[in-house]
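Notes follow once the structure below has been shown.
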Amino acid sequence: MEPLAHEGLGRLLELHGRRTPLALGAEAGAKLLSEKALGDGGALKLGRRKLALPSQPLGRDTAQAPFLALSDDVAVLDGAASHDPRQLLAALRATREEAGWRRLLYTPAVEPAEMPLLAYLGVDLFDSLTAELRGAAGYRLEQGDWIPDAGATTAGNRKALAGWLARIRSALEQGRLRELVERTALHNPRVAQLLHHSRELLATLGARRAVEIRAGALSLGHPAVTEWRHSLERFTPPAAGMVLLLLPCSARKPYHWSATHRRFHRTLRELDNWLALHVVSVTSPLGLVPRELEMLHPAAHYDVGVTGHWDANEHAMFGRQLERLRPEDRYKKAIVHAGSASGLLAELLRERGVEVLETGAERPASGAGLGALRAACRTALRGVASLSGRDRSRGEAAGLAQVQFGELAEPLLAAAVQGRWPRLRLEGLANFSPRIGGFALTVQGAAALAAAGGPVIEAAEFQLRGDLFAAGVIGTRGEFRNGEQVAVEQGGEITAAGIARMAPGEMVAMERGLAVEVRNRG
Amino acid sequence: MADAFAEFVNAAKQEPAAHPLDQPVATWTEREVLDGEQVEAGVAILRTRGCYWSIREGCAMCGYFNDTVPGGVSTEALQAQWAQVLPRLAGKRYAKIYTSGSFLDPTEVPLDFAAQAMAEMHAAGVEKVLVESLPEFVHARHMDYGAAPALEVAIGLESATPLVLDKCVNKRLKWDGFTRACANAHTAGASVKAYVLLKPPFLNEAQAIDDAVASIERAAPHVDKVSLNPVNVQRNTVVERLFRRGEWSAPWLWSVVEVLRRTRECGVRVYSDPTGGGTQRGAHNCGECDQALLDGLTAHRLGGPLPAAACDCRGRWKALLAQGGVRRDGAEPWGYRRGFRGGRRF
Ligand code: SF4
Ligand SMILES: [Zn+2]
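Listed in order, the protein sequences are those of chains P and E. Just add 70 to the spot in the first sequence (first one is 1) and you have this note's numbering. Just add 48 to the spot in the second sequence (first one is 1) and you have this note's numbering.
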């Protein structure tokens, strides 16, 4: 069993020549085998391998823990097809604790429309039972939906289901499963409800995957977006008493590479003491993006149509983000030059007691807009203490490191800061990495974090040449999620730094698959 | 697991509401067959302390405790109930006297009261009386009434499969206990009717049919007739919980007919009068063909042939049965029987 890719709690697994998630009875070489004796649960066949299923849940209250019925190789979530969303999520939350990482998770008789979401939440096996009955009742499966069709057949629906699962696997492989889930949620209230209730589960246990977010209304609940908004609580501006400058986001990411932001930058650079301006971009669904964080995922990787219309949800979201930024304590004053969002933000800032200058520019990057920006900045910067390039870089590095590593950033902040944003370096401990969009730890940096309680992967003592695979993992310390930076320890010494590509329990349990993508070796 | 199941059963139960002690639960009349002849039978349910087993745990589908009086009912109160039942038996040759438990359990229905009731029915010209009992109370000494109509004892076998009794029904009944009770009844001159369940909770439709057929075939040599009881949803039971959650649906009427068809040759009369038939809480089909089949079952019970009807939904029933070996519970997609027509959701 080898995990090939992760998204959310879902896994693309390869085993016995098949890839999961798959639908038993629909795809070649994967089927359910009938029970031999009443209630024994039968078995399933994958390729040439036969795996026993746990016995039927006779007499069991499926709403009570333990939620899963277990055989050696399979964990079955009975009742998954009928549980209400909260009940189903309670069971899914308990999956790894009850079943570990080496059993396949099977949800019997669920609707095809729910399969993308269930796969995203960690389910490996489905079946064709519901699709067959639909065929018998005159409904054809098309893109996960039921179309009335007198010519519908059981066999036809099995085939369509195989296609649907292939689509789920390919989405998972590309990190686009969330998108498929959001699309099915649009016309399926049960999926929408499940998705809504699974936010917290995904944000705490889901794999972090740095793919571009192509946003729709539901992306406001995307775990990477939720996480981003919370990360602002850890952020501090480069220095105290700066002037906050709110600018509109740009279609091109990261912003500072866009034509509009380059024009802003050219304008600002001409001003005296321009380093005392702290640029924060205003955007949906992320809210506020301080310049230091622009290169991080998902700020550098999302795509939303800007409508220029801000709804009540977004209004509330900006309010919360300002609360996290606490501008009233941290900035001397604020300039709002954010196009369509300006009125809204100026009002929210004033409510917090911040002195606000509005440029009033409708087209912020136009010649007139830039003129208004220049004038507002000149006014605002009057009497503001000047900030040196060195101090500013120090502050920027600190802000970025705190967002990336939280409390564990402490030992990093002791290092000398070199370079200028975005190419900042924490001497010996971390360097800016375009791939990470922030600091990549060196081996010493990872060791410093590890000494402060950061995540450590204990690996067997062998010459580590490339990446670390699950077979070499002995144990883990500290907390981390799939996608976060970790240290690799061998024989009591930190020998490498890299990015975890499995969850902690998973890399210990698995015998195959990439556990740590090694980026630096000692 | 058995313990968890007992907990599940008990968690579903509720304290019965307060009931007047001097009123029977219900009385009515129904068509029956007596010695090959159609007659009007008088039926009464007496309110008692109820089934001793349901006080401890009870069966997963049984809501009889809802009609009981936990503190027990005195002989005087039983006599007061009886005074209302007796006049309604006037002119009836066949009587069915139910309690929400075992008529032959002397701690539930005192022997002196039972003997008095039997004597009065005998005097009133009732020829045959049906009572129900768990097998453990079917002894000659519990049926020693003196003057009495011919006695018919109905015993809830439910299933002849230990696994089903243990994990689906939660009934502590042993096959030996059942056959001994049948023999005891016969020795005492009584006839025996067995109740067999169709689709106890947790079984899928196909498993349920097979189990009912096997149970009937196994019971037939020991009994005089079999009533096939499709499980229906009674209040405050495990079945009701599973039904509400969508983890179990009541059996199809096609399944009822199928079991009757497959047990035609078993040597005793087998029939079915589905409680709540044609509703979501009882055996039902698509809604179009239900009434015709229910009428057919009634005719069959009174001596007619097995119902024959055709309907679109039969193909859907067959498709469900085809999944019998791999379906893990008694559920099916919401609205499936109706062909997903007119449902509030798919
Ligand atoms: S089915 Fe019979 S034995 Fe079981 S609880 Fe009900 S009355 Fe008692
Ligand atoms: Zn029908």
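C-beta atoms are modelled at their ideal positions from N, C-alpha and C, and glycine is treated no differently.
- With a threshold of 16 other beta carbon atoms within 10 Å, W76 (chain E) falls short and is exposed.
- As the crow flies, the alpha-carbon of L345 (chain P) is around 42 angstroms from that of G536 (chain P).
- DSSP assignment within the region 112-181 of chain P yields the following whole beta strand (DSSP E) runs of 3 residues or more, N-terminal first: 113-116, 119-122, 144-146, 174-176.
- Within the region 410-454 of chain P, the runs of alpha helix (DSSP H) that reach at least 4 residues and sit entirely inside it are, in chain order, 412-421, 437-451.
- Nearest to C107 (chain E) by C-alpha distance, out of E:Q129, E:A59, E:D192, E:R376, is E:A59.
- Interface annotation for the region 201-227 of chain E against chain P: T209, L211, V212, D214, K215, C216, N218, criterion Cβ-Cβ distance under 8 angstroms.
- Taking 7 angstroms as the threshold, the shortest C-beta distance from D219 (chain P) to chain E does not fall below it.
- The straight-line gap separating the alpha-carbon atoms of A198 (chain E) and T346 (chain E) is approximately 24 angstroms.
- Taking C-beta separations shorter than 7 angstroms and ignoring five residues to either side along the sequence, the partners of G575 (chain P) in its chain run R166, W171, following chain order.
- In this structure, P:A570 is the residue among P:E77, P:G453, P:A570 with its C-alpha nearest to the C-alpha of G548 (chain P).
- Not one heavy atom of ligand 1 sits closer than 6 angstroms to the Cβ of G245 (chain P).
- Cβ neighbours of R336 (chain P) within its own chain (closer than 6 angstroms, five residues either side excluded): none.
- Shown here for S141 (chain P): same chain residues with a beta carbon closer than 6 angstroms to its own, the five before and five after excluded, namely A122, L123, P124 in chain order.
- Taking 7 angstroms as the threshold, the shortest C-beta distance from Y384 (chain E) to chain P falls below it.
- In this structure, DSSP gives D214 (chain E) a helical state, which the three-state scheme calls helix.
- The beta-carbon of G106 (chain E) is placed no less than 7 angstroms from the nearest beta-carbon of chain P.
- Non-local C-beta neighbours of Y112 (chain E) in its own chain, meaning closer than 8 angstroms and more than five positions away in sequence, comprise G98, C99, S102, S148, G149, Q282, ordered along the chain.
- Contact check between the region 106-122 of chain P and the region 151-159 of chain P: fewer than three CB pairs, one atom from each, fall below 8 angstroms, which does not count as touching.
- Judged by DSSP secondary structure, V588 (chain P) falls outside any alpha helix (DSSP H) and instead within the beta strand (DSSP E) spanning 584-591.
- Taken in chain order, the members of the region 129-148 of chain P whose beta-carbon sits within less than 8 angstroms of a beta-carbon on chain E are G129, R130, D131, T132, A133, Q134, V146, D148.
- When DSSP reads this structure, L103 (chain P) sits in a beta bridge with P:A113.
- Rounded to the nearest whole angstrom, the CA to CA distance from D153 (chain E) to V240 (chain E) is 17 angstroms.
- Runs of the alpha helix (DSSP H) spanning 4 or more residues and lying entirely within the region 204-279 of chain P occur at 224-244, 247-256, 259-267, 269-275, in chain order.
- Residues of the region 117-129 of chain P that bring their beta carbon within less than 8 angstroms of a beta carbon in chain E comprise Q126, P127, L128, G129, in sequence order.
- From the beta-carbon of R364 (chain E), the residues of chain P found nearer than 8 angstroms are L203, A206, A207.
- Of the candidates P:D197, P:L211, P:V543, the residue whose Cα lies closest to the Cα of G583 (chain P) is P:V543.
- With a cutoff of 7 angstroms on beta-carbon distance, E206 (chain E) and L178 (chain E) are scored as not near each other.
- Contact of P381 (chain E) with chain P is assigned, a C-beta pair being separated by under 7 angstroms.
- Residue state for P299 (chain E) is assigned as coil, using DSSP reduced to three classes.
- Contact between the region 74-90 of chain P and the region 189-198 of chain P is established, with three or more Cβ pairs separated by less than 8 angstroms.
- Contact between P64 (chain E) and T96 (chain E) does not hold, since their C-beta atoms are separated by about 12 angstroms, which reaches or exceeds 8 angstroms.
- A direct Cα-to-Cα measurement between Q127 (chain E) and R329 (chain E) gives close to 34 angstroms.
- Looking only at P:Y372, P:A369, P:M365, P:G423, the smallest Cα-Cα distance to L392 (chain P) is reached by P:G423.
- Judged by DSSP secondary structure, W76 (chain E) falls within the beta strand (DSSP E) whose first and last residues are 74-82.
- By the criterion of a C-beta distance shorter than 7 angstroms, G507 (chain P) is surrounded in its chain by M365, L366, H367, A370, once the five residues flanking it on both sides are discounted.
- Of the residues assessed, L256 (chain P) falls on the exposed side of the cut-off, its CB having fewer than 16 other CB atoms within 10 angstroms.
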